[in-house]
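Chemist:
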Amino acid sequence: MAQRLFRQVAEDMGGGQGKQQGLRGHSPAKATVLALVLRLPAPGVCCQTQGAGPELCSCDSISTSSQGTLCPGRQDKSAPSWTMKLATAALLLGLVMVVARDEDENDPCVYENLPYEDTVQCKGLDVFYPEVGNVACMFIPDCNNFRYKITYWMEPIVKFPGAFEGATYILMMVDPDAPSRSEPTKRYWRHWLVTDIKGTDIKKGNIQGQVLTPYKPPSPPTNSGFHRYQLLVYLQERNELISLLPSENKSRGSWKMENFLNRFHLREPEASTQFMTQNYQDSPTYQASRGVFKDFRDKPKQR
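Residue numbering for the sequence shown follows our numbering, beginning at 6 and increasing consecutively.
1. Checking 7 Å against the spacing of the C-beta atoms, do P223 and N284 come in under that value?
2. Alpha carbon to alpha carbon, how far is S252 from D123? Give it in angstroms, no decimals.
3. With a floor of 3 residues, list each beta strand (DSSP E) that falls wholly inside the segment 145 to 198, ordered by position along the chain.
4. So, under 8 Å CB-CB, P161 and Y134 are touching, yes? Tell me the CB distance rounded to an integer number of Å.
5. Going by DSSP, name the residue or residues bridged to V132.
6. Check this for me: beta carbons of G258 and W194, under 7 Å apart or not?
7. Which residue wins for smallest C-alpha separation from T173, given the options N264, N150, N211 and C142?
8. Checking 7 Å against the spacing of the C-beta atoms, do L176 and V199 come in under that value?
9. So if DSSP puts L240 in a beta bridge, which residue, or which two residues, is it bridged to?
10. To the nearest whole angstrom, what separates the beta carbons of V163 and L119, a pair I think is in contact under 8 Å?
11. So the beta strand (DSSP E) L217 belongs to, where does it begin and stop?
12. Which same chain residues end up closer than 6 Å to V137 when comparing Cβ atoms and leaving out the 5 residues on each side of it in sequence?
13. Please state if the CB of F144 and the CB of E188 are separated by a distance shorter than 7 Å.
14. Pick from P289, Y157, P146 and V179: whose alpha carbon is nearest that of F265?
15. Would you give the residue range spanned by the alpha helix (DSSP H) that S294 belongs to?
16. State buried or exposed for S277, treating a residue as buried only when at least 16 other CB atoms are found within 10 Å of its CB.
17. Taking 6 Å as the limit between beta carbons, can you name the residues of its chain near G78, skipping five residues before and five after?
18. Return the Cβ separation of D287 and R233 in integer angstroms, given the expectation that the two are a contact with Cβ distance under 8 Å.
19. Quick one: what does DSSP say N228 is sitting in, helix, strand or coil?
20. Would M159 pass as a contact of F231 if the rule is Cβ separation under 7 Å?
21. With a CB to CB cut of under 8 Å and the five nearest residues on each side skipped, what residues in its chain are close to D147?
22. Comparing C-alpha positions only, which one of V238, K191 and P184 sits nearest to E273?
23. According to the Cβ coordinates, are E242 and G204 closer than 7 Å?
24. Buried or exposed: where does P184 fall if 16 or more other Cβ atoms within 10 Å of its Cβ makes it buried?
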């Protein structure tokens, strides 16, 4: 496998593509080595003259003989150096493969859309988490420890591109599948509730307003299957004071969201989306590792 990947790295280098395009679509392990290899100079090519005289020409970036000029006196000397650097790149590839987890040969990180029946909530809202990107209407991928990391990441960036700049909005995030989708006896579990958000802010993903419920990351219990995490944006009437009842503030679980919406005459959401994830210990990657997993922080409470 190392030889196959190394051959592909060499092919990518000689394909005439730019560095950014060359790295696109590769696995993290392969892209790491490819990035290192792309920084090596091509044999005998002077890519940039940094001073007067042929002896000062520099070959610190990739070029071709048509784009640069051959370094005088270096045609024979550069070849052994290039061979040595290729060997170094092969060694780096081997090291990366040792520390990398087993991954799919073509794409180690599969980004899977939600099934059709779960796309009814997908209406004009984008949700960005670190590393994984936009998770709107998607499963959190079972790779790179994403299903564990999402349990301690801070609140996501939520963008509503269709927001009216002069309007005010309410954002909520709930889990309708608490403690499980098959038996949602604690529906809804309130993860986040913010009011008085300006349209100009939510349009750019800047969630500033009155925080009624601080953000709590998804932490589905073990053996409870996949949970839906729904984000909904409602139009807030001008000068309307939105609040939670004392009884609602006592607990996040078993929240009567319908009662809250009716109390403030909130009908259909202006925008919404959802993503799905499961407890990281239930994921195939974790099970295959027999519990050998890197817990970067203390295990959070499960919700």
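Glycine included, C-beta positions come from ideal geometry on N, C-alpha and C.
Modeler: On the basis of the supplied data:
1. no
2. 31 Å
3. 162 to 164 and 173 to 180
4. 5 Å
5. V163
6. yes
7. N211
8. yes
9. Y174
10. That pair is no contact at about 18 Å.
11. Q215 to T218
12. F151
13. no
14. V179
15. From DSSP, S294 is part of no alpha helix (DSSP H); its letter is neither H nor E.
16. buried
17. Its pLDDT being 46, under 50, G78 is placed unreliably by the model, and the measurement read from it follows with that caveat. Once the five neighbours on either side are set aside, G78 has no close Cβ partner at all.
18. Actually they do not touch by this definition, with Cβ atoms about 16 Å apart.
19. coil
20. no
21. V115, S288, P289 and T290
22. V238
23. no
24. buried
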